[in-house]
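Participant: Quick note: the sequence shown, position 266, residue 266 per our numbering, numbers continuous. Glycine is no exception: its CB is placed at the ideal position from the N, C-alpha and C atoms.
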Amino acid sequence: MPNFLAADYLSLNYYFSNTNWMAVFDNYTSCSDVYRKFCAKIYEGLALFVPFRFPRDSVTKLPPQLQALTSQKQRLFRTLPNPMSNPLYRKVCSDIDGHMRKYLANRERHLAGKHSMKFLYAYLHHKMKANRRLPTLIDQSGTKFFKDADKANALGAQLASVYTPAYMNSSPITSESAPLRQGCNYVYFHPSEIRKLLNSLKPSLTETFDGIPQIVYKKCASSLSTPLAHVFNISMLLGEVPDLWKEALVTAIPKTSGTNLLNNFRPISLLPTPAKIMERVIREKLIWWLNKLQVVPGEQHGFVAGASTTTNLVDTVFDWTIARNLGDSVDVVYIDLSKAFDKVCHIKLVEKLQRLGISGNLLSWLASYLQGRKMTVRVGHQFSTKFPCSSGVPQGGVLSPLLFLIYTIDLPSTVCTSPHVKIRMYADDLKIYGIYSKDNANHVRAALRASLVRVAQWARDWDIQINFNKTLVLHIGDTEGAQYAIDGVPLKQCKSTKDLGIIVDSNLNFSEHINYIISKSYSSLFLLLRCTHTKDVNILKRLYKSFVLPHLEYASQVWNPFKMNHISKIEKTQRHKNWRF
1 MPNFLAADYL
11 SLNYYFSNTN
21 WMAVFDNYTS
31 CSDVYRKFCA
41 KIYEGLALFV
51 PFRFPRDSVT
61 KLPPQLQALT
71 SQKQRLFRTL
81 PNPMSNPLYR
91 KVCSDIDGHM
101 RKYLANRERH
111 LAGKHSMKFL
121 YAYLHHKMKA
131 NRRLPTLIDQ
141 SGTKFFKDAD
151 KANALGAQLA
161 SVYTPAYMNS
171 SPITSESAPL
181 RQGCNYVYFH
191 PSEIRKLLNS
201 LKPSLTETFD
211 GIPQIVYKKC
221 ASSLSTPLAH
231 VFNISMLLGE
241 VPDLWKEALV
251 TAIPKTSGTN
261 LLNNFRPISL
271 LPTPAKIMER
281 VIREKLIWWL
291 NKLQVVPGEQ
301 HGFVAGASTT
311 TNLVDTVFDW
321 TIARNLGDSV
331 DVVYIDLSKA
341 FDKVCHIKLV
351 EKLQRLGISG
361 NLLSWLASYL
371 QGRKMTVRVG
381 HQFSTKFPCS
391 SGVPQGGVLS
401 PLLFLIYTID
411 LPSTVCTSPH
421 VKIRMYADDL
431 KIYGIYSKDN
441 ANHVRAALRA
451 SLVRVAQWAR
461 DWDIQINFNK
471 TLVLHIGDTE
481 GAQYAIDGVP
491 LKQCKSTKDL
501 GIIVDSNLNF
511 SEHINYIISK
521 SYSSLFLLLR
531 CTHTKDVNIL
541 KRLYKSFVLP
551 HLEYASQVWN
561 PFKMNHISKI
571 EKTQRHKNWR
581 F
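1. Is the beta carbon of Ile476 sitting closer than 8 Å to the one on Trp559?
2. For the region 335-342 and the region 463-470, state whether three or more C-beta atom pairs, one from each stretch, are separated by less than 8 Å.
3. Quick one: using the 10 Å Cβ neighbour count with 16 as the cut-off for buried, is Arg199 buried or exposed?
4. Rounded to whole angstroms, how far is the Cβ of Glu279 from the Cβ of Leu399, which I believe are closer than 8 Å?
5. Tell me the DSSP secondary structure of Arg133 in three-state form.
6. Contact between the region 370-389 and the region 298-305: three or more CB pairs below 8 Å?
7. DSSP on Ile194, reduced to helix/strand/coil?
8. In the structure shown, what three-state DSSP assignment does Gly211 receive?
9. My understanding is that Leu159 touches Ala252, with C-beta atoms under 8 Å, so please give their C-beta distance in whole angstroms.
10. Candidates Ala229, Arg78, Arg133: which alpha carbon is nearest Arg38's?
11. Between the region 183-192 and the region 211-219, are three or more C-beta pairs nearer than 8 Å?
12. Residues in the same chain with beta-carbon distance under 6 Å from Gln371, minus the five sequence neighbours each way, listed in chain order, please.
13. For Ser308 and Ala40, what's the separation of their Cα atoms in angstroms?
14. In angstroms, rounded to a whole number, what distance separates the CA positions of Val350 and Arg373?
15. Taking the C-alpha atoms as reference points, what is the distance between Lys246 and Thr208?
16. Under a three-way DSSP split, which group does His339 fall into?
17. Find the nearest neighbour of Ala157 within the set Val421, Tyr516, Lys498, Thr376, judged by alpha-carbon distance.
18. Which ranges does the beta strand (DSSP E) cover as unbroken runs of at least 3 residues, wholly within the region 419-478, from first to last along the chain?
19. With DSSP collapsed to three states, give me the class of Pro242.
20. Met52 by DSSP, collapsed to three states: which one?
21. For Cys531, which residues from the same chain have a beta carbon less than 8 Å from its beta carbon, with the 5 sequence-adjacent residues on both sides left out?
22. Tell me the DSSP secondary structure of Lys498 in three-state form.
23. Which stretch, first to last residue, makes up the beta strand (DSSP E) that contains Thr573?
24. If the criterion is Cβ atoms closer than 8 Å, does the pair Ile335 and Val455 meet it?
25. Does DSSP classify Phe383 as helix, strand or coil?
26. Output needed for Lys492: all residues of its chain with C-beta closer than 6 Å, excluding positions within five of it in sequence on either side, in chain order.
27. If you compare alpha carbons, which of His420, Val281, Asp150 is closest to Asn233?
28. Name the DSSP bridge partner or partners of Cys389?
29. In three-state DSSP terms, what is Ile486?
30. Opposite Glu108 in the DSSP bridges: which residues?
31. Using three-state DSSP, classify Tyr89 as helix, strand or coil.
32. List, from N- to C-terminal side, the alpha helix (DSSP H) runs of 4 residues or more that fit wholly inside the region 508-543.
33. Please report the distance separating the alpha-carbon of Ala367 from that of Lys276.
34. Answer yes if the region 325-333 comes into contact with the region 511-526, meaning at least three C-beta pairs across the two stretches below 8 Å, and no otherwise.
35. Return the CA-CA distance between Pro394 and Leu430, expressed in angstroms with no decimal places.
36. Give the single residue among Pro227, Leu261, Pro64, Pro165 whose Cα lies nearest to the Cα of Thr143.
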């Protein structure tokens, strides 16, 4: 297999710099043909300057002293009639344990001494995580899949079943508003801009469908920026996306640990590096255009500069706290949009782009980017057959978050029916709440119900499904909560729920959340202490701040404790690290 770390990148850059790329691209028939010619030239260079290596045993070689002790232990175990009761055997085992601890501590210190802590973090992540191999998978009918090839095909079929079939994609929604006359219709790609983006890449060795890892583009940024810019400009001029860019290599990631059901996985797409570079340039152009139009709703905190889950929660809890201080009550409806990213209708998304003034070559390119996509699921070293992606945006694509934001850009203005009813969004996480006093309770609850009707209608219009099993109602206040329904389906009432990683309860005291993060912190701390052997205080402090402290600090602006018992619990958790110091 190619050893890209040992490649002669100086000669490779010279080879690409002296290539007549205009002659390479001459007489192209399509954008896909241009990219195939580009890849063919890259393959020629890689064949000349990238050496091959044979896979070696990944078992770490122990120091000679440890090897000798291990051999002595094995010899004693074979020769002694009752080795466990023999003092010599027990002493050898004790010596192995002591030397192994010293060896591992020295190894951790060596990794921490490198120019980046990422090597130590990767080493500990590998030790702290359970076996990363997928377990036996089970589908809804109870069929089990044991082999990697069967798992890959089963996951591919399950993930593809979520998409809306092409023949079911409904026609565009007719809108009263006309498209903008002034539009965003073209993006030009300059070699200097491409070179800057290539230099910012991580030197990843992961290969995509084109077989060219990211490290090649980073190391050859100066020589490949001009031909890549030419490929991008041809793609934009023709309004086409190369077929190879539409083929995603998918890794299935479990949503929750501890389950082996097929419907518990979500896809993460691995796309070719040139596709991601072109998407980054187009994304910046689209963001500039949306900011110019000032159409991104303030209620949306996902994929927006300066916004985050924390700002979403701070705005929400601030409203609720003010209401409680005034003696008002709050009814919150958490709406779960089922598989929202995978249900995006391509035809309707293109229509929304057009309504926002995106036209010409750029609109044609985006339409080509969405349509005709395929995915192949990889499990271990096995690959599934290709499955069509007839709807949705690729999870893992650079443009996908922004396209989903555009798809839901009209939801806040559609839903809000009263100044007493507000909506907060983070990507596809949606909550609607009404604040009311005893005097206007009936009016606000009626407005909240009207908003739920509009949400249901919006979901039907835009081919998004509501998951009623995960849609919940939380009542905050002294009055009795009301009953709510969507499309005639009564919504479940709850006393507490997790809101963007924070457990919110009906009393807004966050006791349950504080107990939860303390438990998570202890678990991470004990696992960290079990997996590390170093006694270096500086290393342990950095590991504590990386693996344990984030559990205690996430969105602390929202739940910042004021009760002494909560403060003492959190402080006790942080003092626990002194056990090893």
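Facilitator: In brief:
1. no
2. In short, these stretches touch, since the Cβ pair count reaches three.
3. Checking the sequence shown, residue 199 turns out to be Asn, not Arg. Asn199 should be labelled exposed.
4. 5 Å
5. coil
6. no
7. Here DSSP, grouped into helix, strand and coil, assigns Ile194 to helix.
8. coil
9. 7 Å
10. The sequence as given places Phe at residue 38; Arg does not occur at that position. For Phe38, the nearest C-alpha among the options comes from Ala229.
11. no
12. Correct list, in chain order: His346.
13. Rounded to the nearest angstrom, the two C-alpha atoms are 42 Å apart.
14. 15 Å
15. Here the alpha carbons of Thr208 and Lys246 stand approximately 12 Å from one another.
16. Position check: residue 339 holds Lys in this sequence, whereas His was assumed. Coil at Lys339, not helix or strand.
17. Closest by alpha carbon: Thr376.
18. 421-426, 429-436, 472-476
19. In the structure shown, Pro242 adopts coil according to DSSP, grouped into three states.
20. In the sequence on display, residue 52 carries Phe and not Met. In the structure shown, Phe52 sits in a strand (DSSP, three-state: E or B).
21. Leu124, Lys127, Met128
22. In this structure, Lys498 counts as strand in the three-state DSSP scheme.
23. Not the beta strand (DSSP E): Thr573 falls in the alpha helix (DSSP H), residues 564-575.
24. yes
25. strand
26. Leu472
27. Per the Cα distances, Val281.
28. Arg373
29. strand
30. According to DSSP, which records beta bridges pairwise, Glu108 is partnered with nothing at all.
31. helix
32. Fully enclosed alpha helix (DSSP H) runs of 4 or longer: 511-531.
33. If you take the alpha carbons of Ala367 and Lys276, they lie about 16 Å apart.
34. Below 8 Å, too few C-beta pairs join the region 511-526 and the region 325-333 to call them touching: fewer than three.
35. 21 Å
36. Leu261
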